[in-house]
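Comments concern the structure below.
2 protein chains.
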Amino acid sequence: MASDHTRSAILAAAERLYADRGFGDVTLRDIVAEANVNLAAVNYHFGSKDELIAELFVTRSLATNRERLNELKAAEESGGGRASIEAIMHALVGPTLRGCLGPDREGSTAARFMIRASIESVPPIRRIKNREVDHLRKFVAAMRRSLPGRDDAELYWGLHFALAMSHHTIREKERLTKLSEGQCDLNDVNAIVDRVVTVSVMALTGGEPAKKAPARSMAPPYGRLTRQDL
Amino acid sequence: MASDHTRSAILAAAERLYADRGFGDVTLRDIVAEANVNLAAVNYHFGSKDELIAELFVTRSLATNRERLNELKAAEESGGGRASIEAIMHALVGPTLRGCLGPDREGSTAARFMIRASIESVPPIRRIKNREVDHLRKFVAAMRRSLPGRDDAELYWGLHFALAMSHHTIREKERLTKLSEGQCDLNDVNAIVDRVVTVSVMALTGGEPAKKAPARSMAPPYGRLTRQDL
DNA sequence: TTGCATTTCAAACACTTGTATGAAACTATC
DNA sequence: GATAGTTTCATACAAGTGTTTGAAATGCAA
């Protein structure tokens, strides 16, 4: 087992390069050069390039999902088993938005990597994303408890739109800044979260003002993953 | 000039293959095999692979943008120079959604190609998308006329969210179907357009019901483009 | 130390990719 | 029908890719 030095060096270098230059532009040779390890080390430790990418993405996804569920759980507990729809939406979009737009993380490799993953959508990542359904179902369940009697389809649409606004903001933040000539402040993450939550709640309820809900978190270091982790 | 047979065969074959299998999976050799032309024909007629992709995307984009502006113009004229915000949003998201989700176009190559372009985001396409700002500004201008006195940033956010919901629905339609186990009907395009318009308008105005606005169109055939067309 | 498993390394492999070349085939004009 | 311009074609090129190999180095237990 040794010290895992090589393994972690590869992960760190790969995440940094992918974050900076995108998946299409970075080769294994770039990665091993950055990590100061041998080319064969990638295949030795990860099996293949795709599995390396998958591990990077799974690690970061798990962290986000964990944050989401923690925030959801906290909201449900403090609400006696039933969270407000605002709090649920906040738990859904908050972690992702904070992770990718947050000021403290502006230079964060993890954040920029996740943005890349969202923009470029390379095969191994797409495969993983397709397994995220189970995770989202937990939010649908919470929404059902929060808005009983509502048609399920409406809940799905609300969830879908919330993710739409959240992901599109991350993905197109540069373009929105350019289009608005800086008038849309992409640095005030809390304001963005509130905005997305407000619109999502309106989409679900047909138009009441939204409240607020707190939350915070940190990016975890890499650990070893078992396959099929997500 | 001859008959352009080879040129159009390449365009058609390329669009079909890209639509079916994505940009990452399709090589020039695949394309020329499908088109029954020689490998060198691509570089002869288009200069490079990227320029071929760009031409495909520009053609389809121009068509959509034209539809959007037509619908916007019609709405403004029938409103005496000032269209309702519902009509503006409808003009913005209607053509794209109809183009990519429409039932008559379900099997349409053009539609599937545009979905791919939205999902995979390959460099030549990204370059083109970055020039779309001018086009969107026309919608911002219309929105400003429709909602005078409103902060510009609010208008940009509203436009941004409208595009977010529209694009995300196209991009993730399979996932939404799967997540909702078919309860969200992705075949009823008009209902989807109305839904997106309604939420967009709520995002902009803070919650009034939305009206409707008509529109329709067809996919144009390919013509020769001058460079820098979009 | 000896022996065994893990890890590193340089080198090569096998393959695919987009692009370039130069001759051949074709087309239209005189 | 000869000529010039355009288009097609088979083929080769050059470069880059992820992956494999087998030996060398290293770490660890007895």
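Chains A and B supply the protein sequences, listed in that same order.
The opening position of the first sequence corresponds to residue 1 in my numbering, with each subsequent residue numbered one higher.
The opening position of the second sequence corresponds to residue 1 in my numbering, with each subsequent residue numbered one higher.
Each residue gets a CB set at the ideal place from its N, CA and C atoms; glycine is no exception.
Neighbours of B:F161 in chain A, taken as residues at a C-beta separation under 7 Å, are given in chain order as M165 and V199.
Assigned with DSSP and collapsed to three states, A:L39 falls in coil, not helix or strand.
An exposed status is given to B:T27, since fewer than 16 other beta-carbon atoms sit within 10 Å of its beta-carbon. Going by beta carbons, A:L92 and A:F23 fall outside the 8 Å limit. A direct Cα-Cα distance of roughly 12 Å separates A:V58 from A:F113. Residue-level contact check: A:V58 does not touch chain B, since none of the beta carbons of chain B fall below 8 Å from its beta carbon.
At a cut-off of 8 Å, the C-beta of A:Y156 has a neighbouring C-beta in chain B. Rounded to whole angstroms, the separation of the alpha carbons of B:V197 and B:H90 is 6 Å. For the set B:S146, B:H160 and B:R150, the Cα lying nearest the Cα of B:V133 is the one of B:H160.
Cα atoms of A:Q183 and A:E76: separation of roughly 36 Å, rounded to the nearest angstrom. Put simply, of B:M202, B:D151, B:T109 and B:L101 the residue whose alpha carbon is nearest the alpha carbon of B:H167 is B:L101. Of all alpha-carbon atoms in B:G206, B:G99, B:E174 and B:A33, the one lying nearest the alpha-carbon of B:L62 is that of B:G99. Per DSSP, the continuous alpha helix (DSSP H) segment holding A:F113 begins and ends at T109 to E120.
Within 9 Å of the CB of B:H5, no CB atom of chain A is found; the nearest one sits about 33 Å away. Within the stretch 14-47 of chain A, the residues whose Cβ lies closer than 8 Å to any Cβ of chain B are, in chain order, G24. The beta-carbon separation of B:T109 and B:T64, rounded to 15 Å, does not stay under the 8 Å limit for a contact. Close to B:H168, with beta-carbon spacing below 9 Å, are these residues of chain A in chain order: H160, F161, L163, A164, M165, H167 and H168. Chain B places no beta carbon closer than 8 Å to that of A:K138, leaving this residue out of the contacts. Two segments are said to touch when three or more pairs of C-beta atoms, one from each, lie closer than 8 Å; by this definition the stretch 44-56 of chain A does not touch the stretch 139-159 of chain A. By the Cβ test, the stretch 149-159 of chain B is not in contact with the stretch 151-158 of chain A, since fewer than three Cβ pairs between them sit closer than 8 Å. B:A13 is positioned such that its CB atom lies no closer than 8 Å to that of B:L52. With respect to B:L186, B:K173 sits close: the two C-beta atoms are nearer than 8 Å. In the DSSP assignment, B:D20 falls within the unbroken alpha helix (DSSP H) covering H5 to R21.
In the structure shown, the three-state DSSP call for A:V193 is helix. Two segments are said to touch when three or more pairs of C-beta atoms, one from each, lie closer than 8 Å; by this definition the stretch 198-205 of chain A touches the stretch 80-90 of chain A.
Contact between B:A54 and B:V37 does not hold, since the beta-carbon distance rounds to 19 Å and is not under 8 Å. Contacts with chain B (Cβ-Cβ distance below 9 Å) from the stretch 112-133 of chain A involve I119, E120, S121, V122, P123, R126, K129, N130, E132 and V133, listed in chain order.
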